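Enquirer: Starting off with a structure, shown below.
There are 2 protein chains.
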Amino acid sequence: MSKVFIEVSLSLDGIIAGPNVSAQVPMGESGHLLYDWHAGGPVDQAQAAAMFEGTGAVLIGRRTFEVAIDVWGEDGAFGRPCVVVTHRRAEPVLRTRTSFEFVTGGLLPALRRARDLAAGQDVCIMGGATLARQYLAAGLVDELRVHLIPVVLGQGSRFFDGFKDFLALTPSSASLTPKATHLRWQVNRPSDQSGAPRT
Amino acid sequence: MSKVFIEVSLSLDGIIAGPNVSAQVPMGESGHLLYDWHAGGPVDQAQAAAMFEGTGAVLIGRRTFEVAIDVWGEDGAFGRPCVVVTHRRAEPVLRTRTSFEFVTGGLLPALRRARDLAAGQDVCIMGGATLARQYLAAGLVDELRVHLIPVVLGQGSRFFDGFKDFLALTPSSASLTPKATHLRWQVNRPSDQSGAPRT
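Sequence lines, in order, name chains A and B. FYI, the numbering used here numbers position 134 of the first sequence as 134, with every residue one higher than the one before it. To convert a position in the second sequence, counted from 1, into the numbering used here, add 199.
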């Protein structure tokens with residue numbers, strides 16, 4: 001059964017990008033520290049290699065596309081089709097291994113298109129945080145994959161800022177390296193959420 | 200070598216207490232969900248039992264004392280001396296297994312007194328969040344122990360809210376149960392922090 005998962009590297013204080021994100025500093029100041037683990041030891045490298053295993057398409061926000069497309073280089077980094085969720089139409093952007101297609105009309109049409117492109121494989125929501133939070137709030141996410149980085153950044157954008165809903169999850173795996181703690185949770189189905197106590 | 204550690208249960212969105220904390224609802228609305236793991240399976244129970252192993256004294260804030268002292272019951276819950284950090288002097292409060300002593304003058308005198316009472320064992324900083332953050336910002340904490348609970352609360356107080364500093368940590372253990380992911384990090388010594396990149 002194919003699933004929709006969010007893939008995110010967070011500092012211990014829940015920061016997903018440092019302050020002052022721009023095309024020059026796409027992860028924000030100090031934000032690159034959240035991705036050091038890609039160059040970590042064997043377990044980290046296995047995690048990085050497995051990141052997109054079974055993943056047929058990637059969903060990203062328009063701003064993420066704009067600040068990061070140059071960083072992703074000639075091959076477009078993802079090696080699979082990407083759907084860019086946007087309000088402004090644009091022509092597809094093709095890189096050697098990755099296509100970027102722009103879908104307007106909101107979360108659902110974009111997810112539908114990503115599922116089509118994924119052809120039965122999983123769909124990965126990469127960010128930005130706003131897009132990931134919207135899919136999470138809409139109950140459209142099956143799994144949350146967090147790489148918890150052993151730093152407190154103190155400054156930047158918090159992944160959960162502005163997220164006001166209650167969600168019950170089920171932990172599914174944890175793996176510890178000096179560079180990151182790799183964690184996965186299943187997001188409980190709506191039927192398991194309804195009994196969630198509010199007081 | 201005895202150490203100073205912070206002990207905290209957090210939701211995935213970093214919340215340490217639900218909204219509307221009061222003596223009637225000391226963990227805030229939904230906040231009790233963060234402590235369900237104490238009644239979890241064998242691994243959780245072992246974690247709960249080990250929580251104060253080797254711990255000689257506990258540091259808490261005045262507000263935590265006031266909202267929770269009734270919940271802690273006849274024996275005072277901790278089974279070891281507690282130091283309450285406060286601006287207002289007060290007489291010690293004695294329970295059958297726990298003493299609560301009020302120390303004014305700030306973080307350092309309170310920690311010094313807790314170390315004396317701990318007699319070579321570890322000192323645990325239990326909260327509230329403000330107190331724990333102050334000790335962390337002051338560079339007085341050796342270890343952070345987080346029980347990451349598989350819920351997103353969406354509402355309440357974030358442990359790291361208002362914490363603006365950079366801290367480098369070293370992961371030391373991770374243990375996964377259906378109720379919680381038990382994580383520990385060593386806080387790197389100041390000499391390991393100075394080289395922390397800001398950009």
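Virtual Cβ for every residue (Gly too), placed ideally from N, Cα, C. Note that the coordinates shown come from a computational prediction; the quantities given were computed from them, not determined experimentally.
1) If you run the structure through DSSP and keep just helix, strand and coil, what is G230 of chain B?
2) Within 8 Å (strictly less), CB to CB, does E362 of chain B reach chain A?
3) Give the range of the alpha helix (DSSP H) segment to which L306 of chain B is assigned.
4) Closest to L343 of chain B by CA distance: which of A:L144, A:P150 and A:V146 is it?
5) Who are Q386 of chain B's beta bridge partners in DSSP?
6) Assign M226 of chain B to buried or exposed, taking buried as 16 or more other Cβ atoms, counted over all protein chains shown, within 10 Å of its Cβ.
7) If we define contact as Cβ-Cβ less than 8 Å, is F166 of chain A a contact residue for chain B?
8) So what's D269 of chain B in DSSP terms, helix, strand or just coil?
9) State the CB to CB distance for the pair P370 of chain B and P178 of chain A, rounded to an integer number of angstroms; the pair is presumed to be in contact (CB under 8 Å).
10) Give me the Cα-Cα distance between E300 of chain B and I69 of chain A, rounded to the nearest whole angstrom.
11) Can you name the residues of chain B whose CB is closer than 8 Å to the CB of S173 of chain A?
12) Where does the unbroken beta strand (DSSP E) through D122 of chain A begin, and where does it stop?
13) Would you mind reading off the limits of the beta strand (DSSP E) that contains A216 of chain B?
14) For G14 of chain A and F362 of chain B, which I take to be in contact (beta-carbon distance under 8 Å), what is that distance rounded to the nearest angstrom?
15) Spell out whether any CB of chain A is found under 8 Å from the CB atom of P225 of chain B.
16) Indicate whether F365 of chain B and L209 of chain B have their beta-carbon atoms separated by less than 8 Å.
17) When the distance is taken between beta carbons, is T64 of chain A closer than 8 Å to G18 of chain A?
18) With contact counted as at least three CB pairs below 8 Å, one residue from each stretch, are the region 131-142 of chain A and the region 329-343 of chain B in contact?
19) Check the Cβ of Q155 of chain A against every Cβ in chain B and list those closer than 7 Å, keeping chain order.
Expert: This is what the structure holds:
1) Working through the second sequence from its first residue, we reach residue 230 of chain B at position 31. DSSP places G230 of chain B in helix when its eight states are reduced to three.
2) Taking the second sequence and counting its residues from 1, the one referred to as residue 362 of chain B is at position 163. Note that residue 362 of chain B corresponds to Phe in the displayed sequence, not to Glu. Yes, F362 of chain B lies at the interface with chain A (some Cβ there is under 8 Å from its Cβ).
3) Within the second sequence, residue 306 of chain B is the residue found at index 107, counting from 1. L306 of chain B -> alpha helix (DSSP H) spans L306 to A317.
4) Mapped onto the second sequence, residue 343 of chain B falls at position 144. Checked all of A:L144, A:P150 and A:V146; the closest Cα to L343 of chain B is A:P150.
5) Along the second sequence, one-based indexing puts residue 386 of chain B at 187. For the record, residue 386 of chain B in the displayed sequence is Val; it is not Gln. Paired residues: B:L368.
6) As a working mapping, residue 226 of chain B is identified with position 27 in the second sequence. Classification of M226 of chain B: buried, given that the 10 Å Cβ count is 16 or more.
7) By one-based count along the first sequence, residue 166 of chain A stands at place 166. By this cut-off, F166 of chain A is an interface position.
8) Sequence index remark: in the second sequence, residue 269 of chain B carries index 70 (1-based). In the structure shown, D269 of chain B sits in coil (DSSP, three-state: anything other than H, G, I, E or B).
9) Counting from one through the second sequence, the residue named residue 370 of chain B turns up at place 171. Counting from one through the first sequence, the residue named residue 178 of chain A turns up at place 178. About 6 Å; that satisfies the 8 Å criterion.
10) Start at 1 with the first residue of the second sequence, and residue 300 of chain B comes out as number 101. Start at 1 with the first residue of the first sequence, and residue 69 of chain A comes out as number 69. One alpha carbon belongs to E300 of chain B, the other to I69 of chain A, and they sit about 58 Å apart.
11) As a position in the first sequence, residue 173 of chain A is number 173, starting the count at 1. In chain order: L375.
12) The sequence position of residue 122 of chain A within the first sequence is 122, counting from 1. Where D122 of chain A is concerned, the enclosing beta strand (DSSP E) stretches over D122 to G127.
13) Here residue 216 of chain B is taken as the residue at index 17 of the second sequence, counted from 1. Segment I214 to A216, the beta strand (DSSP E) holding A216 of chain B.
14) Along the first sequence, one-based indexing puts residue 14 of chain A at 14. Along the second sequence, one-based indexing puts residue 362 of chain B at 163. At roughly 11 Å, the Cβ-Cβ gap does not stay under 8 Å, so G14 of chain A and F362 of chain B are not in contact.
15) Residue mapping note: residue 225 of chain B aligns to position 26 of the second sequence, counting from 1. No, no contact with chain A.
16) If you number the second sequence from 1, residue 365 of chain B lands on position 166. If you number the second sequence from 1, residue 209 of chain B lands on position 10. Not in contact: F365 of chain B and L209 of chain B (Cβ atoms no closer than 8 Å).
17) Looking up residue 18 of chain A in the first sequence gives position 18. Looking up residue 64 of chain A in the first sequence gives position 64. No, the Cβ-Cβ distance between G18 of chain A and T64 of chain A is not below 8 Å.
18) With a cut-off of 8 Å, the region 329-343 of chain B and the region 131-142 of chain A do not count as touching, because too few Cβ pairs lie within range.
19) Working through the first sequence from its first residue, we reach residue 155 of chain A at position 155. Residues of chain B passing the Cβ test: K363.
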